[in-house]
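The next block holds one structure in the form of structure tokens; read it before the comments.
In the working numbering, the protein residues as written are 40 to 1244.
Here's what the structure looks like:
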């Protein structure tokens, strides 16, 4: 049952009534609140495991309860819609059973009877869950689910009342038989209700469900292949066609026969002509006419889509033909998707079979000359193969008469030249557009006569080129007197290039100022260089970005419209579906041609757009620890209009730049780019980053790897690799979402994406009406109407979005990969396949007995070992891995050698360390002890994890979750976290010398930002973190290395929690209060993390104000400069500090300096090392009280008590 659907009113009433009845019948509010404290099955399993350890005699009874618990787990999935609306339902499912187990566990006989009764119920629930998943949209199914909930609560109520009686143990044997009869009556009701459900399911439900599943499977497959459709572009072209423009073509005898697919018709028509002859518009008219007659698939190719391939065109044609046709969709689903994705011959074969299934079909391809010549040749061969093998296929190709295309098509097609037939159509077009232009102007009769005479020359001068006439007519918008009109229309350009020359000369010579001229050139340069079309809103904000201005907050709108762009750039830029394009690919060719004066340099404007994106992402509005109030205000003010473009395109732009320049790029430009990439990594780099594939390469970045820096190269390469992987894997934004992508993301900016999506969705009012003081108009003005975004990385709709939640949710379902592998341990057991056929082929090829060896067999284990590992995973996940089982499992033939080669270590890790997250999440401490014991004598247990970051990080984070869950943690968990980090800090083997530079940031990854953020407003978590730090400090023997890490952590604390409690500990253990990178921290860490004073000064909160006060008191240097070279006092923290402390920044600096001098301490920024000030001393003036309000200072030690309030 989908959580997206709303609960039916009748079922919802039944749920709420059952809850109220149970509460009233229990008549014990204290016990009811005790029940509500249990909200998950994990808490029930925790209790059963505890009982297993303490009451061995009851193990059999507890095992009999498990089917009931798992059945109830399935039931909760079936009612997820109701649970999400009222979470109390979940507590009423798990709370009573936990209480019943506790009550009956003290008497073996009672627990045995309860287990028998629950066993009966458990057999009913899986069947119900299956029906609910199939038919959860039906009202009668929801009502059965609600009725069953009432039965479950009645069962709980009867049982609880019995086992809550005083002296029930004494009376159990006498009273239980009657009570058992009462409980069995309730179970009988549950049986009848499930039987009713089976009887109500009709054949039409089954058929409907099959159709729904097949449709979803097809949609998922379509999303996976991502074919491009051209419907919007078709509508745009048809909207610009004057009535009657294509009559000559549609009435051509050869075209008529082609439309009717007569026996004597040409199977291929080639529509060709000069650039700008209107071939695309004519093709659009043919498409419109063909669609009304028979199945038609069409492709409108363009220079705007540089990565077009013959395979992508085949995919588009396949899914267009199959649209709305179940038979053709079944053919697509039955195809081998692996081959279809990469093999054009497989795609052509499928397309041939589909066309042959139809009586006839039309395939129309426009713009064949606008794509790469080699791709065009291969595509042409594919189209001709389809034509030759399909009797009912008719193909129309539109292009310029390029030599290679002409050689192929002259002998196999009927050629029709567009510019030789459309003079009359152009004349009609000119008269209509001219009338629209005159409507807004006033001329005398004599002037009108002269203008009409000049107008008639346009159609003749066009020589069959619509584009020529369009440019001349649009240029009239810039003429304001009869003399200017006479001058331009008397001497017309001789061809398109001369028309472009006039526009180019006006931009470079006649625009009013140099600023406007450069803006026009920049717009043209960016429109021409962007990997995807820019929207007007994106371009508008991009033009507002100040280079290298990290503190800029680009708010406000210039009010720029497409009309403004045309007025600046001339009629060569147009808006198509809110995206900016050149009016024709020849316009782009002309303005970027090196043959014209002051041409646009593609590499220069690609670099400018790249740097614009990077500078924007480095600005403070993208800080990962940005204040929530400030973030929400930024959303309303439109600060993030450019976010989706910049965050998804910056790396592609870098790649495009190096494709354009190769090894011959300007060294100064390369230096600027590398410097910006270093800044991006410094401000937004992900400390957890670990590439998905270390062998991944990109030839275009070779020059960057050779002439740039290693860090800059890895940054760009990592982003491109993540985007490539997202094309075939499910990477979903948000916590606990699909896809383990966070470590593979080299930047920390996608959290802004997720937060932006959530904010927009929360702020947009529902269709039923607007809330008071809503911001809908502002948000739509800033971000457009398509504010509901897809959460999957790499999906184009993450940037483009949808206008309604329903459309977005419908699209999101197509990302699902529901067909998972059933083989335990298989990598596809979680992510799955997009179709059933793919899953079945995988099972046949990957898991057929004797066909392939498993990866573990290859690494030196036996098939028996693999089965044992799979069993271990399953047992650990269920927390059923007892010591007796562990002692019986040995790892067979796998011999762990003492050598420190990566091969042996990775083999060991594949058998052990990847199990750690499961064990830790289950709080299965004895597994840690066992694993440590098993590896003794070969390699240090905790050092092993450091050599494979992908295994180490999940386990470390799972250990941290376990610490927080436990509160006072078992020693083994604390030891695991602490000794892991200690091993890393002190790791000085030969391997570290060879590979240590790669893994150095791993220590920071262990603690890093996520763990620090989890300590905010959580004293328990903060205390646990300090205990881990104590362990690290106690066992680490490289004090200088440790000081460097403590210094970096102080910078991290300043960026995240601003906790003076954590800062006190770090300072006392050697952290440099200025985060001095002289202690060993890399340069890039220093600029991003610190100095702490700058990091804290970027915030304006009570917490950050106290932290600034603490830093100054402990010797921080207030004269440090942030990136822009401005004083710290200009940042928002010092600017607004008076409202928190009651004194200005200058007064605070002076006061703390005075106190330090009085205490005979040496100021940090003077010569010598700082001394720790005497305990209990504070600077004079005001401070914060316990509640965070301004108050007098002088009696409370800075950093003590309520440091985090």
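No residue lacks a Cβ here, since even glycine has one placed at the ideal position from N, Cα and C. Values in this document were obtained by computation on a predicted structure and should not be read as measured data.
Along the beta strand (DSSP E) that carries residue 615, what are the first and last residues, could you check? 612-615
Please check the pair residue 661 and residue 791, which I expect to be a contact at CB under 8 angstroms, by giving their CB distance rounded to whole angstroms. 6 angstroms
Simplified DSSP state of residue 569, which is helix, strand or coil: coil
Buried or exposed for residue 314, please, with buried defined as at least 16 other CB atoms from any protein chain shown within 10 angstroms of its CB. buried
Going by CA-CA distance only, name the one from 664, 577, 622 and 678 that's closest to residue 648. 577
Around the C-beta of residue 519, are 16 or more other C-beta atoms found within 10 angstroms, so that it is buried, or is it exposed? exposed
Range covered by the beta strand (DSSP E) that runs through residue 81: In the DSSP annotation of this structure, residue 81 is not part of any beta strand (DSSP E); the continuous alpha helix (DSSP H) holding it starts and ends at 80-93.
Status (buried if at least 16 other CB within 10 Å, exposed otherwise) for residue 1097: buried
What's the gap between the Cα of residue 276 and the Cα of residue 328? Each residue's alpha carbon lies about 14 angstroms from the other.
If you draw a straight line from the alpha carbon of residue 434 to that of residue 405, how long is it in whole angstroms? 11 angstroms
Does the separation of the CB atoms of residue 430 and residue 383 fall below 7 angstroms? It is not a contact, given that the beta carbons lie outside the stated cut-off.
Between residue 608 and residue 685, is the Cβ-Cβ spacing less than 7 angstroms? no
As assigned by DSSP and simplified to three states, the class of residue 1058: Helix, per DSSP.
Candidates 1087, 624, 1189 and 635: which alpha carbon is nearest residue 340's? 624
Range of the contiguous alpha helix (DSSP H) that encloses residue 490: Note, residue 490: alpha helix (DSSP H), 484-501.
Residue burial classification, residue 1062 (beta-carbon count within 10 angstroms, cutoff 16): exposed
Report the rounded CA-to-CA distance for residue 51 versus residue 187, giving the unit in angstroms. 13 angstroms
Leaving out five residues before and five after residue 397 in sequence, what residues of the same chain have Cβ atoms less than 7 angstroms from its Cβ? 334 and 431
Report the CB separation of residue 639 from residue 564 in whole angstroms; it is logged as a contact under 8 angstroms. 5 angstroms
Endpoints, beta strand (DSSP E) assigned at residue 310: 307-311
If you count every other CB in all the chains shown that lies within 10 Å of the CB of residue 815, and 16 or more means buried, which is it? exposed
With a CB to CB cut of under 7 angstroms and the five nearest residues on each side skipped, what residues in its chain are close to residue 107? Listed in chain order, the non-local C-beta contacts of residue 107 below 7 angstroms within the same chain comprise 157, 158, 160 and 161, local neighbours out to five positions each way being set aside.
On the CB-based measure, 16 or more other CB atoms within 10 Å of its CB, does residue 491 come out buried or exposed? exposed
Classify residue 181: buried if its beta carbon has 16 or more other beta carbons within 10 angstroms, exposed otherwise. buried
At least three beta-carbon pairs within less than 8 angstroms, the region 798-806 to the region 733-746: no
With DSSP collapsed to three states, give me the class of residue 769. It is coil, neither helix nor strand.
N-terminal and C-terminal residue of the alpha helix (DSSP H) that residue 819 is part of: 815-822
Drop a sphere of 10 angstroms on the beta-carbon of residue 812, count the other beta-carbons inside from all chains shown, and report buried for 16 or more, exposed for fewer. exposed
Using the C-alpha atoms, what's the distance from residue 629 back to residue 536? 7 angstroms
What did DSSP end up calling residue 148 once you bin it into helix, strand or coil? Note: residue 148 maps to helix in three-state DSSP.
When you compare each of 132, 1088 and 644 to residue 1050 by their alpha carbons, which one comes out closest? Distances from the alpha-carbon of residue 1050 to those of 132, 1088 and 644 put 1088 closest.
Please return the same chain residues whose Cβ sits closer than 7 angstroms to the Cβ of residue 353, not counting the five positions on each side in sequence. Result list for residue 353: 383, 386, 387, 390 and 421, in chain order.
Cβ-Cβ distance between residue 838 and residue 682 below 7 angstroms: No.
Going by the DSSP bridge assignment, what does residue 456 pair with across the sheet? 311
If I follow the unbroken beta strand (DSSP E) through residue 337, where does it start and stop? 334-339
Alpha-carbon spacing of residue 514 relative to residue 408, whole angstroms: A direct Cα-Cα distance of roughly 27 angstroms separates residue 514 from residue 408.
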